[in-house]
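Asker: Each residue of the sequence shown is one higher than the one before, counting from 23 in this note's numbering.
The following block contains the structure, expressed as structure tokens.
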Amino acid sequence: MIRIAWVELANSMKKFTSRHGGEVEISCREVVRELSDYIDKGLDPRLRRQIEQHLACCTHCTAIYDGVRNVVTLIGDDRSFELPAGFSQRLRVRLHSSH
Numbered sequence: 023m024i025r026i027a028w029v030e031l032a033n034s035m036k037k038f039t040s041r042h043g044g045e046v047e048i049s050c051r052e053v054v055r056e057l058s059d060y061i062d063k064g065l066d067p068r069l070r071r072q073i074e075q076h077l078a079c080c081t082h083c084t085a086i087y088d089g090v091r092n093v094v095t096l097i098g099d100d101r102s103f104e105l106p107a108g109f110s111q112r113l114r115v116r117l118h119s120s121h
């Protein structure tokens, strides 16, 4: 059920009216696909503005953006948490065995 809702959301093309009165047209799928570059400030200004306008109107994409941004912040901050001894080795073994 959740997967079906996600697919419908990702495939949707939403048209919103921005606060400035213009129409915003960018798909949720494209926004989600570009979030990493958006967070890293690696987009051209036009696409960045489109995403900003979309996020201002779409609560679903805003929630995804907030989640991705939080994960990036946590992973990038080595003070957030300490991994237990041997964790990296156990992770490698587990990843290798899952293939």
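Just so it is clear, CB atoms sit at the ideal spot from N, CA and C, and this is done for glycine as well.
For E104, which three-state DSSP category applies?
Answerer: Taking the sequence shown and counting its residues from 1, one reaches residue 104 at position 82. Coil at E104, not helix or strand.
Asker: If you pair each beta-carbon of the segment 68-80 with each one of the segment 95-109, do three or more pairs fall below 8 Å?
Answerer: Too few Cβ pairs lie closer than 8 Å, so no.
Asker: Can you give me the C-alpha to C-alpha distance between K63 and R116, rounded to a whole angstrom?
Answerer: To locate residue 63, count along the sequence shown from 1; it is residue 41. To locate residue 116, count along the sequence shown from 1; it is residue 94. The straight-line gap from Cα to Cα measures roughly 34 Å.
Asker: To the nearest angstrom, report how far apart G98 and D88 are at their CA atoms.
Answerer: By one-based count along the sequence shown, residue 98 stands at place 76. By one-based count along the sequence shown, residue 88 stands at place 66. Cα-Cα distance, rounded: 15 Å.
Asker: CA-CA distance, R71 and S119?
Answerer: Here residue 71 corresponds to residue number 49 of the sequence shown, with the count starting at 1. Here residue 119 corresponds to residue number 97 of the sequence shown, with the count starting at 1. Inter-residue distance for R71 and S119 is about 43 Å (C-alpha atoms, whole angstroms).
Asker: Where do the ends of the alpha helix (DSSP H) carrying C80 lie?
Answerer: By 1-based counting over the sequence shown, the position of residue 80 is 58. Where C80 is concerned, there is no enclosing alpha helix (DSSP H), given that its DSSP letter is neither H nor E.
Asker: If you draw a straight line from the alpha carbon of N92 to that of Y60, how long is it in whole angstroms?
Answerer: Counted from its first residue, the sequence shown places residue 92 at position 70. Counted from its first residue, the sequence shown places residue 60 at position 38. Straight-line measurement puts the Cα of Y60 at about 14 Å from the Cα of N92.
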